[in-house]
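**Q**
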């Protein structure tokens, strides 16, 4: 991409070439015919002059397009040649030409030099790219050029970047006042790299004396460092918060369906993870159909995949309820084993149909990439979309449970099955639909998960323990419990993860749940009942 | 016999003891003779493959017995028994690792994985692990203590049913994650393998293999008798009562906590011993033994054989694992189908397992022959 920009830029500049922009002939000759040291010096001179013509010349050298013919220096592009000093077009090209060689040392110099020259380009994108490149490494010779660019720069994004680069450079050498000013500027940065610039100022030598002899500078550095660290810590916290919410939303999607089936029927559905997997595979199939038959609409395949994933999982769920689970009501442990059997069966079926390898599900264009809220803190769009998706599913569930007749029936059966049955609620039908609904929501979870993770036959197995933990922690019968438990577990996992690593975090959370269950065997939110045991 | 006669008749009838005698004969006489004494080219020779396979299945059968005590008799479905099995295996595996001595790949008196991780000394978990008696003690203590502590808290707050199953599953899952870490000090992913010696005997010779087989047989039969002793005792009756109606047991003045805790801990210890016998015979132990899938498979062994009958547990472990070792060689891709169908089929159609099916067939035959008589005689 950048390369394309360079080339277009060069062509544009070549068109603008006029004799008035002529470069210093001695410098160009030194660059073309001089020794390595002379070449490097020539590059420095060209950069210091900051001429746009120099950019074309140096870019040509970097791209291996600079040639010499006798005493003349040429820029050769394909069949056309230009005089490197005046910019005049030369035709016909001299037959005897030699490439101007650039060794590694020169190439390195060229890299930074080109970046510096691009800082004064007219194209904003080029300037931005150049500034970004310099942020990660600039050397002292650039300072005048950066200053020059800064004087001209008006762009609100590029200007602070240049100020930061200038501060970085001034910190190394320069007068005390300039250095203090530089340190203050650095203190305003969000860039983690500034920390490594400021830290050496505060370090002690082996004999106990400070590496930086000037105390004022040390004090300023200390202040700036604290400011930067504070802001970076906030960035880190923001990132943790986001990944916590993100994990929570995934757990919520995975556990919501389970909460319904368990809450309503007391059925621990071990095949719930496989319903998620079916949803993910349904998404995969829809994606392939779109790619094959409607490549133009590929970006919109998710709109179609969401209902398909729901229906696919819901149908499988209803089929299971009718064929196996309804015969086992009232025997929860047997149901657990039978549904485990179903899960094995489904895994093997998917393996036979789609192969044991993971399949590729591609993000639509609008979900790839992310937004950078702070330096180094990138929020992927796919995760943001999933958080919203989880919220929408939750809202839809809530509406369904509180505003529809089926929801009323479902709540009735959850609270008191015999009584609901007595007053005419068709409990077997409600069971079937609720199981279908729970499975369908699992399908939606699968559709969402396919956008951020691997899709393979074992997808569900890795989720099942986590979803159970959410349900166990949240208690049954209320959506609120599931929501709090999912988000709570999401946060706890991420915060502990930052502190102790992913595996220990997971173990700690599991152990916490085991202890939590001792205290509140019915979860966070339990329906109050009068029975001795439920 | 004297004072023990009562116990003998209580445990099994004449036919039961006879069957047990035959089983012991087969395991302790037929197998050693046909494996060690009969030459390898004879059709009667029992190959090392079979000795290892049957030895392995006997370890599983012990686990199935333990599971049956806790699930079949007490009604508590544990989905974490694989953890106790693995803990027993790891405890004894430590000793086996120390027995390798300096014969490992790096020729250092330290397990290979520790050399690989550049550890200079043994972590605290390995304290005294070169002593056989200490590791043998750990085999009992580690699963036992864990089960006791976990069970005490769980049963005290009356966690039961599906909730209990789920948290045992979480427990074994957490342990699996823990053991997958290299830093835990038990070899990470790879676990323990490449054993060379046990009690200074080379571990792969036919003699050692047969000795392990014989010890496993004896321990299995002892476990069976112990289990039978428990379930025919008053304690066993309380356990069955807890299974059928825990609140009534409570209201009758019993505290179910200690009964459940006893059988739960005992069950875990049996699993640990089974694990310790399993490791030297199979030659490997790794964290995948703790995966939730492994533990839930134990339940299906018991369910296939028949819950609430100890013989059923033995039978189930034999049938399922026999089928597994045949399927995974002959039709590896269909094993999961078969296992899945077995879970579904057994719960739907054979709630009492194979023993139940045999029982009902016997009853039908019995009914056909006996009923006319009975009808005549009963007034």
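Residue numbers (the numbering used here), protein chains in the order written: chain A, 6 to 539; chain B, 2 to 380. All C-beta atoms, glycine included, are put in the ideal place defined by N, C-alpha and C. All values reported here derive from a predicted model rather than from experimental measurement.
(1) Suppose you measure from the CA of residue 28 (chain A) to the CA of residue 56 (chain A); what does that come to, to the nearest Å?
(2) Less than 8 Å separating the beta-carbons of residue 188 (chain A) and residue 238 (chain A)?
(3) Reducing DSSP to helix, strand and coil, say where residue 103 (chain A) ends up.
(4) Assign residue 73 (chain A) to one of three DSSP states: helix, strand, or coil.
(5) By alpha-carbon positions, which one of B:86, B:178, B:24 and B:20 ends up nearest to residue 267 (chain B)?
(6) For residue 74 (chain B), which residues in chain A fall below 8 Å Cβ to Cβ?
(7) Within the continuous alpha helix (DSSP H) that includes residue 257 (chain B), where are the two ends?
(8) Would you verify that the beta carbon of residue 499 (chain A) is, or is not, closer than 8 Å to some beta carbon of chain B?
(9) Report the partner residues of residue 198 (chain B) according to the DSSP bridge assignment.
(10) Can you tell me which of the three DSSP states residue 315 (chain B) falls into?
(11) Helix, strand or coil, according to DSSP, for residue 14 (chain B) in the structure here?
(12) So that I know if they touch, is there some Cβ in chain B lying closer than 8 Å to that of residue 475 (chain A)?
(13) Pull up the distance between the alpha-carbon of residue 14 (chain B) and that of residue 475 (chain A), whole angstroms please.
(14) DSSP state of residue 273 (chain A), grouped into three classes?
(15) What ranges does the alpha helix (DSSP H) occupy inside the stretch 185-211 of chain A, keeping only unbroken runs of at least 4 residues that lie completely in it?
(16) Could you check how far apart the C-beta atoms of residue 141 (chain B) and residue 274 (chain B) are, in whole angstroms? I think they sit under 8 Å.
(17) According to DSSP, is residue 469 (chain A) part of a helix, a strand, or is it coil?
(18) Does the stretch 316-332 of chain B come within contact of the stretch 344-364 of chain B, defined as at least 3 CB pairs closer than 8 Å?
(19) Note down the Cα distance separating residue 357 (chain A) from residue 312 (chain B), rounded to an integer number of angstroms.
(20) Going along the chain, which residues of its own chain have a beta-carbon closer than 8 Å to the beta-carbon of residue 72 (chain B), five neighbours each way excluded?
(21) When the Cα of residue 286 (chain B) is compared with those of B:120, B:181, B:70 and B:160, which residue comes out closest?
(22) If you draw a straight line from the alpha carbon of residue 207 (chain B) to that of residue 255 (chain A), how long is it in whole angstroms?
(23) Which residues in chain D sit within 7 Å of residue 178 (chain B), going by Cβ to Cβ distance?
(24) List, in chain order, every chain B residue whose beta-carbon is nearer than 8 Å to that of residue 273 (chain A).
(25) Quick check on this structure: which residue in A:128, A:325 and A:59 has the alpha carbon closest to the alpha carbon of residue 92 (chain A)?
(26) What's the gap between the Cα of residue 393 (chain A) and the Cα of residue 403 (chain A)?
(27) Spell out the partners DSSP gives residue 394 (chain A) in its beta bridges.
(28) Which residue comes first and which comes last in the alpha helix (DSSP H) that contains residue 88 (chain A)?
(29) Any idea if residue 51 (chain B) is buried or exposed, counting beta-carbon neighbours within 10 angstroms, 16 or more meaning buried?
(30) Do the CB positions of residue 456 (chain A) and residue 368 (chain A) come within less than 8 Å of each other?
(31) How about residue 230 (chain A): is its Cβ closer than 7 Å to a heavy atom in the ligand GDP?
(32) In chain order, what residues of the same chain have a beta carbon less than 8 Å from the beta carbon of residue 360 (chain B), not counting five sequence neighbours either side?
(33) What's the C-alpha gap between residue 257 (chain B) and residue 250 (chain B)?
(34) Do three or more CB pairs link the stretch 501-514 of chain A to the stretch 283-296 of chain A at distances below 8 Å?
(35) Starting from residue 385 (chain A), trace the alpha helix (DSSP H) both ways and give me its first and last residue.
(36) For residue 334 (chain A), which of helix, strand or coil comes out of DSSP?
**A** Considering the structure as presented:
(1) So the alpha carbons of these two residues sit roughly 8 Å apart.
(2) Result no, Cβ atoms of residue 188 (chain A) and residue 238 (chain A) do not sit closer than 8 Å.
(3) Strand, per DSSP.
(4) DSSP places residue 73 (chain A) within a strand segment (E or B) once states are collapsed to three.
(5) If you compare the alpha carbons of B:86, B:178, B:24 and B:20 with that of residue 267 (chain B), the shortest gap goes to B:86.
(6) The premise fails here: residue 74 (chain B) is roughly 14 Å from chain A at the closest Cβ pair, so nothing lies under 8 Å.
(7) Unbroken alpha helix (DSSP H) run through residue 257 (chain B): 257-283.
(8) No, no contact with chain B.
(9) Per the DSSP secondary-structure output, residue 198 (chain B) pairs in a beta bridge with B:203.
(10) Reduced to three states, the DSSP call for residue 315 (chain B) is helix.
(11) DSSP places residue 14 (chain B) in the coil class of the three-state scheme, outside both helix and strand.
(12) For residue 475 (chain A), the answer is no, since every Cβ of chain B falls outside 8 Å of its Cβ.
(13) When rounded, the distance between both Cα atoms is 50 Å.
(14) In the structure shown, residue 273 (chain A) sits in coil (DSSP, three-state: anything other than H, G, I, E or B).
(15) Counting only runs that start and end inside the stretch 185-211 of chain A, the alpha helix (DSSP H) elements of at least 4 residues fall at 198-207.
(16) That belief holds up - the Cβ atoms of residue 141 (chain B) and residue 274 (chain B) are roughly 7 Å apart, short of 8 Å.
(17) Collapsing the DSSP output to three states places residue 469 (chain A) in a helix.
(18) Contact between the stretch 316-332 of chain B and the stretch 344-364 of chain B is present, because at least three Cβ pairs lie under 8 Å.
(19) About 36 Å.
(20) Around residue 72 (chain B): 78, 79, 300, 303 and 308.
(21) Checked all of B:120, B:181, B:70 and B:160; the closest Cα to residue 286 (chain B) is B:181.
(22) Each residue's alpha carbon lies about 54 Å from the other.
(23) Among the protein chains of the structure shown, namely A and B, there is no chain D.
(24) Within chain B, the residues near residue 273 (chain A) are 163, 166 and 167.
(25) The option with the nearest alpha carbon to residue 92 (chain A) is A:59.
(26) Inter-residue distance for residue 393 (chain A) and residue 403 (chain A) is about 15 Å (C-alpha atoms, whole angstroms).
(27) In the DSSP secondary-structure assignment, residue 394 (chain A) is not bridged to any residue.
(28) Per DSSP, residue 88 (chain A) belongs to no alpha helix (DSSP H); it is in the beta strand (DSSP E), 85-88.
(29) So residue 51 (chain B) counts as exposed.
(30) In contact: residue 456 (chain A) and residue 368 (chain A) (Cβ atoms closer than 8 Å).
(31) This structure lacks the ligand GDP, and indeed carries no ligand of any kind.
(32) The residues are 353.
(33) So the alpha carbons of these two residues sit roughly 7 Å apart.
(34) Not touching, per the Cβ criterion.
(35) Careful: residue 385 (chain A) lies outside any alpha helix (DSSP H), inside the beta strand (DSSP E) at 382-385.
(36) In the structure shown, residue 334 (chain A) adopts coil according to DSSP, grouped into three states.
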